[in-house]
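Novice:
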Amino acid sequence: GEDVEQSLFLSVREGDSSVINCTYTDSSSTYLYWYKQEPGAGLQLLTYIFSNMDMKQDQRLTVLLNKKDKHLSLRIADTQTGDSAIYFCAAYTGTASKLTFGTGTRLQVTL
Amino acid sequence: GAVVSQHPSRVICKSGTSVKIECRSLDFQATTMFWYRQFPKKSLMLMATSNEGSKATYEQGVEKDKFLINHASLTLSTLTVTSAHPEDSSFYICSARGPGAEQYFGPGTRLTVT
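Residue numbers (this note's numbering), protein chains in the order written: chain A, -10 to 100; chain B, 156 to 269.
This is how it looks when you write it as structure tokens:
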């Protein structure tokens, strides 16, 4: 089955860019997602990308997809303290019809 | 983005009792709804997938008689934890998938079984 991996922790200074990385194993994944989770809350859908795209930009967020290497990244420009949260990447495969989540990356933004 | 609500947000119940959690998609019709469980500082574990009007599909290791799922309409799914025990204490999150590729999550329900 699908396996999705992320690094556990990232610390950046306010105003810098953050890059959160994710790898997945199933090359038939059709959609790849980024979610944000704040303490005690559900998951907020940030953005998603279709597998035939290389890049998607939405305001401060840029998603890059390297399908050959099965590597996904989320770049947050001008990171703010309000961006501190856990970020999950997830891969969707049509055959399984479900999302497989990574372990989550805790982003800490320091002043 | 679309809104998915859950009720209650927190519930405390005694061991042996049953608890029902509701999940609603407020501004779209959800063809498929999902129920997840999240342990502290861990990722989400899919428990089951439900399609409106049909029986839920449970993931391996999830007891279908313990975690009853009903997807009564395109906007409502319920999870009932039957005969709850302290080990069922967890954060339960529902998710709804619309006709497109978006999958939205509810705010979660914190269940504590005493």
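Note that the Cβ used here is the ideal one computed from N, Cα and C, for glycine as well.
When DSSP builds the beta bridges, which residues end up paired with A/LEU53?
Specialist: A/MET44 and A/SER62
Novice: State yes or no: is the C-beta of A/GLY31 within less than 8 Å of the C-beta of B/GLY255?
Specialist: Taking 8 Å as the Cβ cut-off, A/GLY31 and B/GLY255 do not qualify as a contacting pair.
Novice: So what does A/VAL98 bridge to, in DSSP terms?
Specialist: A/VAL1
Novice: Reducing DSSP to helix, strand and coil, say where B/THR204 ends up.
Specialist: strand
Novice: Quick check on B/GLY171 - is its C-beta less than 8 Å from some C-beta in chain A?
Specialist: no
Novice: Chain A partners of B/GLY263, CB-CB under 8 Å?
Specialist: Chain-order list of chain A residues neighbouring B/GLY263: GLY29, ALA30 and GLY31, by C-beta distance under 8 Å.
Novice: Please confirm if A/LYS87 has its CB atom under 8 Å from at least one CB of chain B.
Specialist: Yes, because at least one Cβ of chain B sits closer than 8 Å to the Cβ of A/LYS87.
Novice: Where does A/THR92 sit, in a helix, a strand or coil, going by DSSP?
Specialist: coil
Novice: By Cβ distance, which residues of its chain are closer than 7 Å to B/ALA185, with the 5 residues on each side in sequence left out?
Specialist: LEU229, THR230, ALA251, ARG252 and GLY253
Novice: Measuring CA to CA, which of A/LYS56, A/THR36, A/ASN41 and A/LYS59 is closest to A/GLN48?
Specialist: Minimum Cα distance to A/GLN48 is reached at A/THR36.
Novice: Identify every residue that forms a DSSP beta bridge with A/THR70.
Specialist: Paired residues: none, contrary to the question.
Novice: Going by the DSSP bridge assignment, what does A/ALA79 pair with across the sheet?
Specialist: Looking at the DSSP assignment, A/ALA79 forms a beta bridge with A/TYR22 and A/PHE90.
Novice: So, with DSSP's three-state summary, where would you put B/GLU242?
Specialist: helix
Novice: Whole-angstrom Cβ separation of B/CYS168 and B/SER232, contact assumed at under 8 Å?
Specialist: At roughly 20 Å, the Cβ-Cβ gap does not stay under 8 Å, so B/CYS168 and B/SER232 are not in contact.
Novice: Would you mind stating whether A/VAL98 and A/THR51 have Cβ atoms separated by less than 8 Å?
Specialist: no
Novice: Among A/GLN33, A/SER62 and A/PRO28, which has the Cα closest to the Cα of A/MET44?
Specialist: A/SER62
Novice: Would A/GLU3 and A/LEU96 qualify as a contact pair, given that the criterion is a beta-carbon distance under 8 Å?
Specialist: By the CB criterion at 8 Å, A/GLU3 and A/LEU96 fall outside the cutoff.
Novice: Under DSSP, the beta strand (DSSP E) around B/ALA227 begins and ends at which residues?
Specialist: That run of the beta strand (DSSP E) goes 222 to 228.
Novice: Can you give me, in chain order, the residues of the segment 194 to 224 of chain B that have a beta carbon less than 7 Å from any beta carbon in chain A?
Specialist: SER198, LEU199, LEU201 and THR204
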